[in-house]
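Working notes for the structure below.
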Amino acid sequence: MATLSDVRACARALVQRVAEGGEIPLASLRELGGLVLRSELVAVSQQLLDGPPDFALRRAMELAGLVLAVVATDEHAEEKEAAK
Numbered sequence: 000m001a002t003l004s005d006v007r008a009c010a011r012a013l014v015q016r017v018a019e020g021g022e023i024p025l026a027s028l029r030e031l032g033g034l035v036l037r038s039e040l041v042a043v044s045q046q047l048l049d050g051p052p053d054f055a056l057r058r059a060m061e062l063a064g065l066v067l068a069v070v071a072t073d074e075h076a077e078e079k080e081a082a083k
């Protein structure tokens with residue numbers, strides 16, 4: 000099972016790559032997707048919702064979106080602080 004830290008590290012690498020103007024290879028997106036699928040997010044979503052796996056997956060992807068947003072916000076705040 001992948002941890003939220005694993006998902007966040009992968010997301011941070013993708014955000015950094017985009018910030019540097021690079022393209023994101025499909026393999027990197029697959030890696031993030033794989034981590035999300037194997038993450039505790041999916042397991043917890045499925046347990047909490049007591050629903051079908053596809054519904055839990057959708058919720059987990061929404062949570063992964065939040066992780067990406069947090070990573071991007073953190074990076075922006077760090078850049079802003081460094082510019083002072």
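According to numbering that gives the first Met the number 0, the residues represented by the sequence shown are 0 to 83, in order.
A virtual CB, placed ideally from N, CA and C, is assigned to each residue, including glycine.
- Message: Please identify the residue among VAL70, ALA76, MET60, THR72 whose C-alpha is closest to the C-alpha of LEU34.
- Response: Counting from one through the sequence shown, the residue named residue 34 turns up at place 35. Cα-wise, what sits closest to LEU34 is MET60.
- Query: Taking all protein chains shown into account, do 16 or more other C-beta atoms lie within 10 angstroms of the C-beta of GLU66, making it buried, or fewer, making it exposed?
  - Reply: Taking the sequence shown and counting its residues from 1, the one referred to as residue 66 is at position 67. The identity of residue 66 in the sequence shown is Val, whereas the question assumes Glu. With 16 or more other Cβ atoms within 10 Å, it is buried.
- Could you check where the alpha helix (DSSP H) with SER38 kicks off and where it finishes? Along the sequence shown, read from residue 1 onward, the residue named residue 38 stands at position 39. It is not in any alpha helix (DSSP H) - SER38 carries neither H nor E in the DSSP assignment.
- Query: I think LEU13 touches SER27, with their Cβ atoms under 8 angstroms apart; what is that distance to the nearest whole Å?
  - Reply: If you number the sequence shown from 1, residue 13 lands on position 14. If you number the sequence shown from 1, residue 27 lands on position 28. About 6 angstroms; that satisfies the 8 angstroms criterion.
- Query: What residue from MET0, ARG11, VAL6, ALA1 has the CA that sits closest to ASP73's CA?
  - Reply: The sequence position of residue 73 within the sequence shown is 74, counting from 1. Looking at the Cα atoms, ARG11 is the closest of the given residues.
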